[in-house]
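For what it's worth, our numbering labels the leading residue of the sequence shown as 59, then goes sequentially. Note sheet for the following structure.
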Amino acid sequence: MAAVRSGGVIFHHRQPTAASRRASRWAPASRRARRSAPAVLLLAVLGTACGSDSQSRSAAPAGDLTMVAKDYKYQPDTLKAPVGKDLVVVVDNQDRRVGHNIHFTTLPGRPLTPIEPGPRYQTLKVRFDQPGKYAFICDIHPTMTGTVEAS
């Protein structure tokens with residue numbers, strides 16, 4: 059222990075140990091960098107391996123109706139479909155790190171896809187048994203709406 063005299067009062071304090079200096083969040087920058095370098099390297103490798111860049115996406119799946127989810131809108135927001143045929147709807151979510159889904163709110167069974175961040179493709183099998191207009195929506199972005207006109 060070291061004694062420090064200040065204005066007639068003696069303060070006793072412990073000298074920091076080597077272990078406490080290593081664990082200190084106030085450690086010199088070079089020591090912090092050495093400790094975090096393996097984690098940064100691991101994240102860089104995982105990010106590359108996961109193919110998070112939109113340029114490395116696989117080809118679009120085959121589908122009968124295709125739309126793009128971008129800038130919190132469906133493009134196009136109106137699609138035409140035949141009645142009485144099983145169809146595959148493909149949604150190309152181009153909003154990077156933004157989750158979207160498609161949910162047919164007026165179809166029997168209310169078919170929907172899970173909410174997943176883009177960029178990614180989602181597919182959904184649907185069937186329009188009656189002529190009419192069928193609404194769809196993104197569950198977490200209620201202004202993202204569209205319609206399928208079945209005839």
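We put the beta carbon where it would ideally sit given N, CA and C, even for glycine. In this text the structure is predicted, and so the values were computed from the model without any measurement.
Which of helix, strand or coil DSSP assigns to D197: Judged by DSSP in its simplified three-state form, D197 adopts coil rather than helix or strand.
Those residues which DSSP pairs with A127 across a bridge: Secondary-structure assignment with DSSP links A127 through a beta bridge to Y132, N151.
Closest residue to R185 among V146, P119, I195, D135 (Cα-Cα distance): Nearest C-alpha to R185 among V146, P119, I195, D135: V146.
Identified DSSP bridge partners for G190: The partner list for G190 (beta bridge, DSSP) reads A208.
Distance between D122 and K183 (C-alpha atoms, nearest Å): C-alpha separation (whole angstroms): 10 Å.
Spatial distance of H158 from G142 (CA atoms): Taking the straight line from one Cα to the other gives about 27 Å.
Straight-line gap, T136 to T171 (C-alpha atoms, nearest Å): Between T136 and T171, the alpha-carbon positions lie close to 19 Å from each other.
Between the CA atoms of I160 and G167 - distance to the nearest angstrom: Distance between the alpha carbons of G167 and I160: 14 Å.
Cα-Cα separation between Y132 and M202, rounded to whole angstroms: C-alpha separation (whole angstroms): 6 Å.
Among E207, P134, D150, the one whose alpha carbon lies nearest that of A120: Per the C-alpha coordinates, the member of E207, P134, D150 positioned closest to A120 is D150.
Bounding residues of the beta strand (DSSP E) (the contiguous stretch that carries L182): Note, L182: beta strand (DSSP E), 178 to 185.
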